[in-house]
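**Student:**
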Amino acid sequence: MEKRLICLGACITVTAFILAFALIYTGIVPLAPTGNRPLATMFLESTFNAEKWWIWAGSPEVVTSILWDYRGIDTVYETTVFFLAIIGAITVVRTMKLLPETSGKGKGLTVIAKTITKITFAAIPIIAFSIAVHGHLTPGGGFQAGSAFAVAPLLVIAALSLRLLVERGWEKERLLALRTTGLILIGIIAIIVPVLAILRHSIAYIMQNQAKLWAPAGLSAIVNVFGIKSLLSGTLFWLNLSEFLAVSAGLSLVFVLLAAPTKNFDKEVKVQ
Amino acid sequence: MIKDIVWIYYYASLILITFMSIYGIAVRPNLLKKIIMLSILSDTANMLAVLLGYHTLSPKPPVYPGGTFSTTQFPSQRQLSTFAQYAVDPIPQVLVVTAIVIGLAVLVFLSFVAVLIYRRYGTLDMRVVSKKARQEVK
Amino acid sequence: MARISSVIGLSILLFILYIAYTGAITPLDLILGAIASVIVASFTADLVVEKAGKLVSVKRWCYTIAYAILYLTVIEAKAHWDVIKRILHPKVPVNPSIVRIPYEVESDYAKTTIANSITNTPGTVVVDVDDKRKVFYVHWIDAKVVEDEKARKEVSLTFEKYAKKIFD
Chain G
1 MEKRLICLGA CITVTAFILA FALIYTGIVP LAPTGNRPLA TMFLESTFNA
51 EKWWIWAGSP EVVTSILWDY RGIDTVYETT VFFLAIIGAI TVVRTMKLLP
101 ETSGKGKGLT VIAKTITKIT FAAIPIIAFS IAVHGHLTPG GGFQAGSAFA
151 VAPLLVIAAL SLRLLVERGW EKERLLALRT TGLILIGIIA IIVPVLAILR
201 HSIAYIMQNQ AKLWAPAGLS AIVNVFGIKS LLSGTLFWLN LSEFLAVSAG
251 LSLVFVLLAA PTKNFDKEVK VQ
Chain B
1001 MIKDIVWIYY YASLILITFM SIYGIAVRPN LLKKIIMLSI LSDTANMLAV
1051 LLGYHTLSPK PPVYPGGTFS TTQFPSQRQL STFAQYAVDP IPQVLVVTAI
1101 VIGLAVLVFL SFVAVLIYRR YGTLDMRVVS KKARQEVK
Chain P
2001 MARISSVIGL SILLFILYIA YTGAITPLDL ILGAIASVIV ASFTADLVVE
2051 KAGKLVSVKR WCYTIAYAIL YLTVIEAKAH WDVIKRILHP KVPVNPSIVR
2101 IPYEVESDYA KTTIANSITN TPGTVVVDVD DKRKVFYVHW IDAKVVEDEK
2151 ARKEVSLTFE KYAKKIFD
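So the protein lines, in turn, are chains G, B and P.
Quick note on the numbering used here: the first sequence kicks off at 1 and runs consecutively.
Quick note on the numbering used here: the second sequence kicks off at 1001 and runs consecutively.
Quick note on the numbering used here: the third sequence kicks off at 2001 and runs consecutively.
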């Protein structure tokens, strides 16, 4: 048995090296390239280029620009797929109660872990919010911020208890409502530029951010907020904020559902 | 020469992890291990995509530096072309962000399916599960 | 009233964290940070803040700063130097054992401060806490004494003195 495994491992390793050689020397993957491809250079040069205003995105963050502007509809569908996965997950556990009737008698973790978890429970949302609102300026964005936010309920479930989280209002229905709100906000922002364009007897695309030569409508990159000129990059700021709401609520919902005790599952089976 | 060896090592190790995760998905009987291996497989594919966007000319992140909320001066053409020369390829990173979300969706759904299977059959060993399922059909 | 003051105190701390993490002080950052920290503080204040009066006490903050300076410079340097000597010494003179160290503080934050101070200095690690008997179980790289009170004097008396003044 062991000999077989060792043989298999050796074969796989040799095959991997041969494949790597083949990929490199047939030119399919580059070997230590020293420059960008033309497409990458095009994106990097035009994203924050105010002189080429008809193809710019108004944001110094190239990744977010491509994600929410150049390939915006793709990202909307991706968010929808994630939403459908959560809907499927809820369908599996739809009739289940989240909490057992009696509270547990377990001792739990030590006072050190509990205190530190309480502090991080307050600190993580602030950091996640900062990542979300600076998504169009620095690396990060709605999805990354939502993933960071969802660590907070996960830590509380692990170190304190699920009961504490549910009693503080992290219920299934409320989280799902927040998740849906986020998705609806993304939908509204997607059609806000076309609606504005129609009101002004002009045309625009769905998910359009900045004005184009042939579709001269768009939210301006620099906006006056309370009299302060701020770089919000048109729709990118709002899309990041909505995605933050959607992903953080969705992931928290998944963690809360996965942490529900299996005893409740067994009861459901007997009832059916 | 040494650079070549290092890059071959990068690609070979990624291909090796791919093989190993496919082995895990195919051979391990535990459903949870299969799911873990699937997530490792998707992470390896993402890693490969990000590596394709890398270049060795003192790479910088694809973010124009110094952007804050009160930035109102836009960079000149020359600054932008210098930036475009040194920043890494942003397109694989975008595709990877999308792929990570889709992978997460798949992971969430599969873990709830695993919960469902455990609830129905009382085990996650796929050999036992398939045997029990076959008996039910008969 | 206590709730409002604890929310205000916590939101100031969270606002400082937001600005430190963001690394930019633009007007919009200040507005967004203030809004977010007030919202987060109003949701988490009852969990995080034990007593609002302690949070706004100037005396406690002075002790915190004094303790931070003392701990991060003198105590850490001493402990590092001790462990470096032990590692580089050809004979590796270690005498490891787990000792019991009693404490006399009441609040959770004080206990956590003492435990984390002990763990963060190289050479000593808190392994477990017993809340009923009020002792830490500490793994010590060079156990000079194993009796409870003497070990306490060696390991945690300074930490406890400050933790009591800051949090109790």
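For every residue, glycine included, the Cβ atom is placed at its ideal position computed from N, Cα and C.
Return no unless some Cβ of chain G is closer than 8 Å to the Cβ of Ile1155/B.
**Tutor:** The structure shown does not extend to residue 1155/B, since chain B is modelled only from 1001 to 1138, so the question has no answer here.
**Student:** Which partner residues does Ser230/G have in the DSSP bridge list?
**Tutor:** For Ser230/G, which the question treats as bridged, DSSP gives the partners Val223/G.
**Student:** Along the region 1063–1085 of chain B, where does the CB come closer than 7 Å to a CB of chain P? Name the residues.
**Tutor:** Here the close residues are Thr1068, Phe1069 and Ser1070.
**Student:** Give me the Cα-Cα distance between Ala246/G and Ile131/G, rounded to the nearest whole angstrom.
**Tutor:** Looking at the two C-alpha atoms, the distance is approximately 15 Å.
**Student:** Are Lys2134/P and Tyr2103/P touching if we call contact CB-CB under 8 Å?
**Tutor:** In this structure, Tyr2103/P lies closer than 8 Å to Lys2134/P by Cβ.
**Student:** Beta-carbon separation of Leu2017/P and Ala2041/P under 8 Å?
**Tutor:** Cβ distance not < 8 Å, so Leu2017/P and Ala2041/P don't count as in contact.
**Student:** Is it right to say Lys118/G is buried, meaning 16 or more other beta carbons lie within 10 angstroms of its own, or is it exposed?
**Tutor:** Answer is buried; the Cβ neighbour count reaches 16.
**Student:** Bridge partners of Pro2102/P, per DSSP?
**Tutor:** Answer is Val2135/P.
**Student:** Identify whether Ala1105/B lies in helix, strand or coil by the three-state DSSP scheme.
**Tutor:** It is helical.
**Student:** Tyr1121/B versus chain G: which residues are under 7 Å apart at the beta carbon?
**Tutor:** Under the 7 Å cutoff, chain G gives no residues; its nearest Cβ is about 11 Å from Tyr1121/B.
**Student:** Please classify Trp291/G: is it buried, with 16 or more other beta-carbons within 10 angstroms of its beta-carbon, or exposed?
**Tutor:** The shown model of chain G, from 1 to 272, leaves out residue 291/G, and the question about it has no answer.
**Student:** Please state whether DSSP places Ser2117/P in a helix, a strand or coil.
**Tutor:** It is helical.
**Student:** Would you check if the distance between the CB atom of Ala148/G and the CB atom of Ala122/G is smaller than 8 Å?
**Tutor:** Contact: no.
**Student:** Against chain B, with Cβ distances strictly below 8 Å, would Leu231/G count as a contact?
**Tutor:** Cβ-Cβ to chain B under 8 Å: yes for Leu231/G.
**Student:** Would Arg163/G pass as a contact of Leu99/G if the rule is Cβ separation under 8 Å?
**Tutor:** Cβ atoms of Arg163/G and Leu99/G: closer than 8 Å.
**Student:** Restricting to Cα atoms, I'd like to know which of Ile2141/P, Phe2159/P and Arg2003/P is closest to Arg2086/P.
**Tutor:** Per the Cα distances, Ile2141/P.
**Student:** Identify the contact partners of Ser130/G in chain P, using a Cβ-Cβ distance below 7 Å as the criterion.
**Tutor:** Within 7 Å Cβ-Cβ: Tyr2018, Tyr2021 and Thr2022.
**Student:** Which stretch, first to last residue, makes up the alpha helix (DSSP H) that contains Val63/G?
**Tutor:** That run of the alpha helix (DSSP H) goes Val62 to Ser65.
**Student:** Can you name, in chain order, every residue of its own chain whose Cβ lies under 8 Å from the Cβ of Asn224/G, other than the five neighbours on each side?
**Tutor:** Hits under 8 Å: Ser230.
**Student:** At 8 Å on the CB atoms, spell out the chain B contacts of Asp74/G, in chain order.
**Tutor:** In chain order: Thr1098.
**Student:** Alpha carbons only, please: which of Ile24/G, Ala152/G and Ile157/G is nearest the one belonging to Trp1007/B?
**Tutor:** Out of Ile24/G, Ala152/G and Ile157/G, Ile24/G has the C-alpha closest to the C-alpha of Trp1007/B.
**Student:** Would you call the region 1087–1096 of chain B and the region 1059–1075 of chain B touching, i.e. three or more CB-CB distances under 8 Å?
**Tutor:** Counting Cβ pairs under 8 Å, three or more are found: they touch.
**Student:** Check each candidate in Lys172/G, Gly58/G and Thr80/G and name the one with the smallest Cα separation from Leu258/G.
**Tutor:** Minimum Cα distance to Leu258/G is reached at Lys172/G.
**Student:** Could you name the residues of chain D that Ser2037/P contacts, counting a contact when the two beta carbons are closer than 8 Å?
**Tutor:** The question asks about chain D, but that chain is absent: this structure's protein chains are G, B and P.
**Student:** With C-beta atoms as the reference, is Phe48/G less than 8 Å away from Leu1080/B?
**Tutor:** Yes; because the gap between Cβ atoms is below 8 Å, this pair is in contact.
**Student:** Residues of chain P with CB under 7 Å from Val276/G, in chain order?
**Tutor:** The requested residue 276/G does not occur in the structure, where chain G is confined to residues 1 to 272.
**Student:** Taking only three categories from DSSP, how would you classify Thr2124/P?
**Tutor:** Of the three classes helix, strand and coil, the one that applies to Thr2124/P here is strand, per DSSP.
**Student:** Suppose only complete runs of 4+ residues qualify. What are the alpha helix (DSSP H) ranges in the region 28–103 of chain G, listed by chain order?
**Tutor:** Whole alpha helix (DSSP H) segments, 4+ residues: 38–46, 62–65 and 72–92.
**Student:** Quick test of the definition: if touching needs 3 or more C-beta pairs under 8 Å, does the region 181–195 of chain G touch the region 232–242 of chain G?
**Tutor:** Segments in contact, yes.
**Student:** Please classify Phe1109/B as buried or exposed, where buried requires at least 16 other C-beta atoms within 10 Å of its C-beta.
**Tutor:** By the neighbour-count rule (16 or more Cβ atoms within 10 Å), Phe1109/B is buried.
**Student:** At a CB-CB cut-off below 7 Å, which residues of chain P make contact with Phe121/G?
**Tutor:** Those are Thr2044 and Leu2047, listed as they occur along chain P.
**Student:** Tell me, please, whether the CB atom of Thr2158/P is closer than 8 Å to any CB atom in chain B?
**Tutor:** By this cut-off, Thr2158/P is not an interface position.
**Student:** Quick check on Val195/G: buried or exposed, where buried means 16 or more other Cβ atoms within 10 Å of its Cβ?
**Tutor:** Label assigned to Val195/G: exposed.
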